[in-house]
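Notes follow once the structure below has been shown.
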Amino acid sequence: MASLAWVIGLGFLLGIQHATDPDHVLAVATIASREPRWRSGVLVGILWGLGHALTLTVVGGTIVLLSLTVPPAVALSLELAVAVMLVGLGLVRLAWCFRGVRRVHPEHARTAHEHGHRHAFHSHVHTHDGVAHRHPHLHPAGWLLAALGAVGVGRALRSVAIGVVHGLAGSAVPGLLILATIQNPVWAVAYLAVFGAGTMAGMMAIAAVLVLPFAISARRFAGINHVLSVGTGLLALAVGCFLVYRIGFVERLLTG
Numbered sequence: 001m002a003s004l005a006w007v008i009g010l011g012f013l014l015g016i017q018h019a020t021d022p023d024h025v026l027a028v029a030t031i032a033s034r035e036p037r038w039r040s041g042v043l044v045g046i047l048w049g050l051g052h053a054l055t056l057t058v059v060g061g062t063i064v065l066l067s068l069t070v071p072p073a074v075a076l077s078l079e080l081a082v083a084v085m086l087v088g089l090g091l092v093r094l095a096w097c098f099r100g101v102r103r104v105h106p107e108h109a110r111t112a113h114e115h116g117h118r119h120a121f122h123s124h125v126h127t128h129d130g131v132a133h134r135h136p137h138l139h140p141a142g143w144l145l146a147a148l149g150a151v152g153v154g155r156a157l158r159s160v161a162i163g164v165v166h167g168l169a170g171s172a173v174p175g176l177l178i179l180a181t182i183q184n185p186v187w188a189v190a191y192l193a194v195f196g197a198g199t200m201a202g203m204m205a206i207a208a209v210l211v212l213p214f215a216i217s218a219r220r221f222a223g224i225n226h227v228l229s230v231g232t233g234l235l236a237l238a239v240g241c242f243l244v245y246r247i248g249f250v251e252r253l254l255t256g
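No gaps in the numbering here: position 102 of the sequence shown is 102 in my numbering, and each next residue is one more.
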């Protein structure tokens, strides 16, 4: 039991540390910086962490349980995909800044009646062809509906997809390390799941900090907000290009 608690605690702490990797922070920053609402930016970080955790657990767990070996070329290719994605995110961010595009937020999802700030599971009586019956359903909390409405379905899915790509790139290394240190495969998979949860928690905290200056400056200091946005795009582009060069040419993925 003590050993299992040690594995869980270590996995969660290392997951939080993993969230601070520069490519992770920059990827989330380029998306969260477009959110003028603090709560929406935090949700972007949570969605990224969700995609990362799911992929890391499923792919890494498969590697552990089946005792698979990930070829170095495959691992480098996945890292290159992250680098190319960073370049794309940087370019898109800069394009939005210099074209002056301002995102019009869709109306928040609303219900015909209020349930305060709590989740509510209930049913309404209604009739079809003279037959009265109920359809049980769940009304999410108001804060969740507001955040999802502000982010939008498209951007929410993109945040999860970006997390999935990072999870794929990171699944090989943790999987191989676990095989060398944890003998019980069930514990190894549990480690991956907790590691992913720690990464999700860490990215939520990082996004909460990153989006704060953008949320503050979005409505009051447009010039500062523009400078911050351009800086975020340039940094993501520069780091992405550096990673492409390092992986493709220094580590010779593209040259041999």
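We treat Cβ as the ideally placed atom computed from N, Cα and C, and that holds for glycine.
Given 8 Å as the limit, is there contact between the stretch 231-249 and the stretch 46-54, that is, 3 or more CB pairs closer than that?
no
Does Asn184 pass the burial test, meaning 16 or more other C-beta atoms within 10 Å, or should it be called exposed?
exposed
For Ala218 and Ser40, I'd like the C-alpha separation in whole angstroms.
13 Å
I'd like to check one pair, Val82 with Leu210: are the Cβ atoms closer than 9 Å?
no
Kindly list the residues whose CB is nearer than 7 Å to the CB of Leu212, restricted to its own chain and excluding five residues on each side of it in sequence; keep chain order.
Trp38
Indicate whether the contact test is met: 3 or more Cβ pairs, each with one atom in the stretch 15-28 and one in the stretch 198-205, closer than 8 Å.
yes
So what does DSSP say about Glu79, is it helix, strand or coil?
helix
Excluding the 5 residues flanking Gly11 on each side, which residues of the same chain have their C-beta closer than 6 Å to its C-beta?
Tyr191, Val194 and Phe195
I'd like the ranges of any beta strand (DSSP E) spanning at least 3 consecutive residues and lying wholly in the stretch 6-68.
none
Compute the distance between the beta-carbons of Leu89 and Leu26, then report whether it is under 9 Å.
yes
Extent of the continuous alpha helix (DSSP H) to which Pro213 belongs:
Pro185 to Arg220
Nearest to Ala95 by alpha carbon, out of Val230, Ala73 and Val59?
Val230
Are the beta-carbon atoms belonging to Arg93 and Thr20 less than 9 Å from one another?
no
According to the Cβ coordinates, are Ala32 and Gly45 closer than 9 Å?
yes
Are there 16 or more other CB atoms within 10 angstroms of the CB of Leu215, so buried, or fewer, so exposed?
Leu is not the amino acid found at residue 215; the sequence shown has Ala there. Ala215 comes out buried.
For Thr232, count neighbouring Cβ atoms within 10 angstroms of its own Cβ and tell me buried if that reaches 16, exposed if not.
buried
Going by the beta-carbon positions, is the gap between Val244 and Val84 smaller than 9 Å?
yes
Nearest-angstrom beta carbon gap, Ala156 and Leu47 [assumed within contact, 8 Å]
6 Å
Is the CB-CB distance between Val165 and Leu78 below 9 Å?
yes
Cβ neighbour criterion (16 or more within 10 Å) applied to Arg34
buried
Do you know how far the Cα of Ile247 is from the Cα of Leu253?
6 Å
Taking Cβ to Cβ, would you say Ala161 is nearer than 9 Å to Ala75?
no
Write down the C-beta distance between Val64 and Val189 rounded to the nearest angstrom, noting that I regard them as a contact closer than 8 Å.
6 Å
Shortest alpha-carbon distance to Leu86 belongs to which of Cys97, Pro72, Leu68 and Asp23?
Asp23
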